[in-house]
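Student: Numbering (full-length UniProt numbering), first residue to last: 1 to 382.
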Ligand SMILES: C[S@@+](CC[C@H](N)C(=O)[O-])C[C@H]1O[C@@H](n2cnc3c(N)ncnc32)[C@H](O)[C@@H]1O
């Protein structure tokens with residue numbers, strides 16, 4: 001079994017070869033070992049449950065998780081695992097995927113001497129990478145969960161990065177140290193807080209994973225204008241957990257799919273993959289269809305079922321995709337015809353000439369946010 005130094009070197013080389021790690025960030029990745037920031041208990045997915053892996057029980061498994069190019073679950077159910085036998089249901093803190101961390105740091109476009117605010121400290125690894133490049137004095141990080149913030153502060157300080165880690169709601173930024181040159185959110189927002197623009201110098205950048213209920217994978221790079229508004233376009237596909245007070249409701253097939261016998265039945269010729277498997281299409285559907293969560297379950301033999309669930313109203317829909325089929329059975333239940341809404345949104349996107357993700361933009365003002373396509377002249381009401 002390779003040791004931590006070897007695993008770290010391998011991961012760094014792989015990220016550089018894949019083009020995710022830019023030369024300016026290679027040094028920090030080499031100097032900041034990820035495992036030093038990961039708590040001794042992490043969690044892995046087991047069906048729809050989250051089960052713990054303890055370093056003390058299996059150091060090799062733990063270390064492999066630390067150096068896989070994948071996210072590591074570091075807290076479940078806000079630190080209070082809900083299920084019997086310490087089984088968790090919801091991921092509430094994690095170390096982000098290393099390739100995503102590397103791409104986001106590159107997209108942040110920092111220069112020496114810049115002051116950066118990070119929202120969502122998590123393990124502290126990303127804050128340490130920033131501190132290695134910019135100096136710890138230039139890095140402030142806000143974490144909503146006090147226990148997570150304490151862990152991050154402790155490991156950062158042990159590693160000699162005396163980053164300012166504040167426990168609090170990152171949606172409020174950190175006014176005491178504003179203005180910043182850059183803000184990087186490592187937690188997703190549906191409604192992007194204008195505070196982040198207010199606390200950034202004109203000409204500064206704010207990087208935010210923007211999420212909808214249906215689709216969670218749009219990184220927006222905003223430029224802050226002199227009038228305090230910020231405008232940005234989608235620059236990458238990254239998925240993050242939501243800001244704590246924007247989490248909404250978790251969809252659960254066990255809880256939300258009711259009255260299967262009474263569901264309205266029909267067929268569609270639209271292949272579910274075209275809607276949920278194509279990034280540009282599913283992003284656009286998410287812009288159009290609120291309060292609709294997506295779950296995909298796989299059956300034996302390559303068939304799968306797409307579930308659409310509105311946990312607020314109790315409406316749900318399912319779509320079965322068998323290999324080679326050209327017509328797909330649909331079931332819809334509740335007040336909303338969720339599949340119909342999704343299919344209409346897909347056709348709306350088709351009618352716009354199938355815009356790719358990078359053509360969408362978002363503007364955030366003190367009054368709220370609005371979406372546009374190509375330029376602010378083509379505003380899209382959602
Ligand atoms: C994906 S993790 C961040 C990963 C982290 N940057 C790292 O290097 O490990 C997202 C974090 O955001 C935190 N979070 C959620 N809502 C927040 C909020 N309103 N303000 C600050 N942090 C928040 C979560 O508790 C979680 O620790």
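Quick reminder that beta carbons are idealized off the backbone N, C-alpha and C, glycines included.
To which residues of the same chain is residue 198 closer than 7 Å at the C-beta, ignoring the five residues directly before and after it?
Tutor: Within the same chain, residue 198 has close Cβ partners 228.
Student: Whole-angstrom Cβ separation of residue 321 and residue 328, contact assumed at under 8 Å?
Tutor: Confirmed, Cβ separation roughly 6 Å.
Student: Assuming the contact rule is C-beta atoms closer than 8 Å, residue 72 and residue 121 should be a hit. Round their C-beta distance to whole Å, please.
Tutor: Residue 72 to residue 121, Cβ: 15 Å. No contact.
Student: Which same chain residues end up closer than 7 Å to residue 109 when comparing Cβ atoms and leaving out the 5 residues on each side of it in sequence?
Tutor: Closer than 7 Å at the Cβ level, and outside the excluded window around residue 109, lie 205.
Student: Check residue 220 in the structure and name its three-state DSSP category.
Tutor: Three-state DSSP puts residue 220 in a strand.
Student: What separation, rounded to the nearest whole angstrom, lies between the Cα atoms of residue 305 and residue 253?
Tutor: Computed Cα separation, rounded: 12 Å.
Student: Determine the DSSP secondary structure at residue 304, reduced to helix, strand or coil.
Tutor: The answer is strand: DSSP assigns residue 304 an E or B state.
Student: Cβ of residue 348 within 7 Å of any heavy atom in ligand 1?
Tutor: Every heavy atom of ligand 1 is 7 Å or more from the Cβ of residue 348, so no.
Student: Shortest alpha-carbon distance to residue 95 belongs to which of 10, 151, 335 and 1?
Tutor: Of the candidates 10, 151, 335 and 1, the one whose C-alpha sits nearest the C-alpha of residue 95 is 151.
Student: Which residues does DSSP pair with residue 335 in a beta bridge?
Tutor: According to DSSP, which records beta bridges pairwise, residue 335 is partnered with nothing at all.
Student: With distances taken between CB atoms, is the gap from residue 336 to residue 310 smaller than 8 Å?
Tutor: Closer than 8 Å, so yes.
Student: What ranges does the beta strand (DSSP E) occupy inside the segment 20 to 71, keeping only unbroken runs of at least 3 residues that lie completely in it?
Tutor: Here the runs fully enclosed are 41 to 46 and 49 to 54.
Student: State yes or no: is the C-beta of residue 125 nearer than 7 Å to some heavy atom of ligand 1?
Tutor: The answer is yes for residue 125.
Student: Report yes if the CB atom of residue 255 is closer than 8 Å to the CB atom of residue 331, and no otherwise.
Tutor: Not in contact: residue 255 and residue 331 (Cβ atoms no closer than 8 Å).
Student: Does the Cβ of residue 244 lie closer than 7 Å to at least one heavy atom of ligand 1?
Tutor: Because some heavy atom of ligand 1 lies under 7 Å away, the Cβ of residue 244 counts as near it: yes.
Student: Once the 5 residues before and after residue 212 are set aside, which same chain residues still bring their CB inside 6 Å of it?
Tutor: Excluding sequence neighbours, residue 212 sits near 286.
Student: Check the DSSP bridge columns for residue 460 and list the partner residues they point to.
Tutor: In the structure as shown, the chain begins at 1 and stops at 382. Residue 460 is therefore absent and cannot be evaluated.
Student: By the DSSP assignment, the alpha helix (DSSP H) with residue 141 in it spans what residues?
Tutor: No alpha helix (DSSP H) contains residue 141, which is instead part of the beta strand (DSSP E) from 139 to 143.
Student: Would you say residue 41 and residue 52 are within 8 Å of each other, going by their C-beta atoms?
Tutor: Cβ distance < 8 Å, so residue 41 and residue 52 count as in contact.
Student: Could you give the residue range of the alpha helix (DSSP H) that holds residue 5?
Tutor: Taken as a continuous stretch (DSSP letters only), the alpha helix (DSSP H) holding residue 5 covers 4 to 17.
Student: Any chance you could list the beta strand (DSSP E) runs of at least 3 consecutive residues sitting entirely within the segment 212 to 276, in chain order?
Tutor: Runs of the beta strand (DSSP E) inside the segment 212 to 276: 216 to 224, 230 to 236 and 264 to 268.
Student: What is the DSSP secondary structure of residue 289, reduced to helix, strand or coil?
Tutor: It is coil, neither helix nor strand.
Student: From residue 263 to residue 48, what distance separates their C-alpha atoms?
Tutor: Taking the straight line from one Cα to the other gives about 24 Å.
Student: Buried or exposed for residue 133, please, with buried defined as at least 16 other CB atoms from any protein chain shown within 10 angstroms of its CB.
Tutor: So residue 133 counts as buried.
Student: Against chain B, with Cβ distances strictly below 8 Å, would residue 193 count as a contact?
Tutor: Absent here is chain B; the protein component of the structure consists of one chain.
Student: Could you give the C-beta distance for residue 116 and residue 138, rounded to a whole number, given that I count them as a contact under 8 Å?
Tutor: Rounded, the Cβ-Cβ distance is 6 Å, consistent with contact.
Student: Below 8 Å, how does it come out for the segment 290 to 307 and the segment 361 to 376: are there three or more Cβ pairs, yes or no?
Tutor: No: fewer than three Cβ pairs fall under 8 Å.
Student: Would you call residue 93 buried or exposed, if buried means 16 or more other Cβ atoms sit within 10 Å of its Cβ?
Tutor: Residue 93 comes out buried.
Student: With DSSP as the reference, identify every bridge partner of residue 296, one or two as the case may be.
Tutor: Bridge partners of residue 296: 306.
Student: Which residue comes first and which comes last in the alpha helix (DSSP H) that contains residue 372?
Tutor: That residue, residue 372, is in no alpha helix (DSSP H); its beta strand (DSSP E) goes 368 to 373.
Student: Label residue 2 either buried or exposed according to how many other C-beta atoms from any shown protein chain fall within 10 Å of its C-beta, with 16 as the threshold for buried.
Tutor: So residue 2 ends up on the exposed side.
Student: Residue 246: which of 187, 281 and 359 sits nearest, CA to CA?
Tutor: Looking at the Cα atoms, 187 is the closest of the given residues.
Student: Once the 5 residues before and after residue 15 are set aside, which same chain residues still bring their CB inside 8 Å of it?
Tutor: The answer, listed in chain order, is 21, 29, 69, 98, 99 and 102.
Student: Would you give the residue range spanned by the beta strand (DSSP E) that residue 317 belongs to?
Tutor: Per DSSP, residue 317 belongs to the beta strand (DSSP E) from 315 to 321.
Student: Ignoring anything shorter than 4 residues, give me the alpha helix (DSSP H) runs that lie fully in the segment 83 to 117, in order along the chain.
Tutor: Listed in chain order, they are 98 to 108.
Student: State buried or exposed for residue 75, treating a residue as buried only when at least 16 other CB atoms are found within 10 Å of its CB.
Tutor: Buried.
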